[in-house]
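Heads up: the structure comes next, in structure tokens.
See below:
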């Protein structure tokens, strides 16, 4: 198994897990006072969105990504129908937070639609953020990767800009595994051509902010889940912290808002670039799903 590809997947999950406790806190001063510099996993406080989960566990975004990884391992490749069955089972009696896109998708499934037409109209970045397992499994077939990434995103987020953003980050991670720097990989991925998403504008804004403080830059772009705010923020994180995953994750969380979706994507790209040596060992050891993830990755290689 490629060590950089393994680091890509682990770092994506770690980016989500590190955001678990402070997730969706928008007041950065209150966040800093309550949590301090985030350098370790934090148990979600009582009354927060993810209350009841433990430090090192995943948000509902990460849990969906884990389901996708399990499907890839079990089926030996991407199977939209199998992913849909596992996704629906995850949210049958799910004890964690269930967001609007998930509720809408479940309702569409319940009306009898299949996974090709079940997606909500949500423009949240989260739908594009689950793609690290697909890049791992399909890293040797770019066209199959793009097709699968778009299909898994559309299943829950049938929004053209979200679907194209998922493709952009999959192409970026694929190029990083091929030896490109994160910045060069993003520029290359941006040249693929997108009908709806203003990838060029987001790239210009995100890359242009690389010299700025992360908390300031993300406050300027917007901290929310919505694609037009979140995309330049992720690009900023990758460009500014391209050689320092620890700083990327810490600053991402301290910037507040939807840090979990940003962390999944920034972690994927930087983990793929930096490899296992760039991922702090305590974060790997403290990741609650570590053994499940590593077992699934090994199963994909064996398949």
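Numbering (the working numbering), first residue to last: 264 to 566.
For glycine and all other residues, C-beta sits at the position ideal for the given N, C-alpha and C.
If you draw a straight line from the C-alpha of residue i to the C-alpha of residue j, how long is it?
{"i": "residue 350", "j": "residue 268", "result": "24 Å"}
{"i": "residue 509", "j": "residue 367", "result": "35 Å"}
{"i": "residue 414", "j": "residue 544", "result": "33 Å"}
{"i": "residue 266", "j": "residue 428", "result": "26 Å"}
{"i": "residue 493", "j": "residue 387", "result": "8 Å"}
{"i": "residue 326", "j": "residue 318", "result": "14 Å"}
{"i": "residue 566", "j": "residue 556", "result": "15 Å"}
{"i": "residue 433", "j": "residue 490", "result": "16 Å"}
{"i": "residue 314", "j": "residue 392", "result": "22 Å"}
{"i": "residue 290", "j": "residue 431", "result": "30 Å"}
{"i": "residue 276", "j": "residue 527", "result": "6 Å"}
{"i": "residue 394", "j": "residue 532", "result": "11 Å"}
{"i": "residue 498", "j": "residue 402", "result": "21 Å"}
{"i": "residue 564", "j": "residue 412", "result": "19 Å"}
{"i": "residue 303", "j": "residue 375", "result": "43 Å"}
{"i": "residue 309", "j": "residue 511", "result": "27 Å"}
{"i": "residue 441", "j": "residue 464", "result": "25 Å"}
{"i": "residue 467", "j": "residue 473", "result": "10 Å"}
{"i": "residue 417", "j": "residue 372", "result": "13 Å"}
{"i": "residue 529", "j": "residue 294", "result": "21 Å"}
{"i": "residue 292", "j": "residue 475", "result": "18 Å"}
{"i": "residue 501", "j": "residue 507", "result": "9 Å"}
To which residues of the same chain is residue i closer than 8 Å at the C-beta, ignoring the five residues directly before and after it?
{"i": "residue 423", "result": "458, 459, 460"}
{"i": "residue 345", "result": "334, 337, 338"}
{"i": "residue 496", "result": "469, 480, 481, 484, 485, 486, 518, 525"}
{"i": "residue 358", "result": "315"}
{"i": "residue 443", "result": "451"}
Determine the extent of the alpha helix (DSSP H) in which residue i is found, giving its start and end residues.
{"i": "residue 427", "result": "423 to 440"}
{"i": "residue 532", "result": "522 to 537"}
{"i": "residue 350", "result": "343 to 353"}
{"i": "residue 288", "result": "Here residue 288 belongs to no alpha helix (DSSP H), and DSSP marks it neither H nor E."}
{"i": "residue 499", "result": "490 to 503"}
{"i": "residue 366", "result": "363 to 373"}
{"i": "residue 515", "result": "508 to 517"}
{"i": "residue 477", "result": "477 to 484"}
{"i": "residue 467", "result": "462 to 471"}
{"i": "residue 557", "result": "553 to 565"}
{"i": "residue 453", "result": "445 to 453"}
{"i": "residue 547", "result": "544 to 549"}
Once DSSP output is grouped into helix, strand and coil, what is the label at residue i?
{"i": "residue 275", "result": "helix"}
{"i": "residue 387", "result": "strand"}
{"i": "residue 336", "result": "helix"}
{"i": "residue 316", "result": "strand"}
{"i": "residue 403", "result": "coil"}
For residue i, which residues of its own chain have a beta-carbon under 6 Å away from its beta-carbon, when the five flanking residues on both sides are left out?
{"i": "residue 523", "result": "279, 282, 286, 322, 324"}
{"i": "residue 419", "result": "364, 368, 382, 390"}
{"i": "residue 462", "result": "431, 453"}
{"i": "residue 341", "result": "411"}
{"i": "residue 567", "result": "Any question about residue 567 goes unanswered here, given that the chain covers just 264 to 566."}
{"i": "residue 514", "result": "477"}
Here's a check: name, in chain order, each residue in its chain whose Cβ is nearer than 7 Å to the Cβ of residue i, leaving out the five neighbours to either side.
{"i": "residue 396", "result": "272, 328, 331, 332, 335"}
{"i": "residue 575", "result": "For residue 575 there is no data in the structure shown, the boundaries of the chain being 264 and 566."}
{"i": "residue 538", "result": "266, 267, 270"}
{"i": "residue 307", "result": "283, 284, 313, 314, 316"}
{"i": "residue 552", "result": "276, 321, 329"}
{"i": "residue 405", "result": "437"}
{"i": "residue 227", "result": "Residue 227 lies beyond the stretch modelled for the chain, which goes from 264 to 566, so this question has no answer here."}
Just to check, is the beta-carbon of residue i closer than 8 Å to a non-hydrogen atom of the ligand SAH?
{"i": "residue 487", "result": "Inclusion of the ligand SAH in the displayed structure is not the case, the ligand content being empty and no account of it being possible."}
Is the region 447 to 457 in contact with the region 429 to 439, if contact means three or more CB pairs nearer than 8 Å? yes
Evaluate contact between the region 537 to 557 and the region 373 to 384, counting only Cβ atoms and requiring at least three cross-stretch pairs below 8 Å. no
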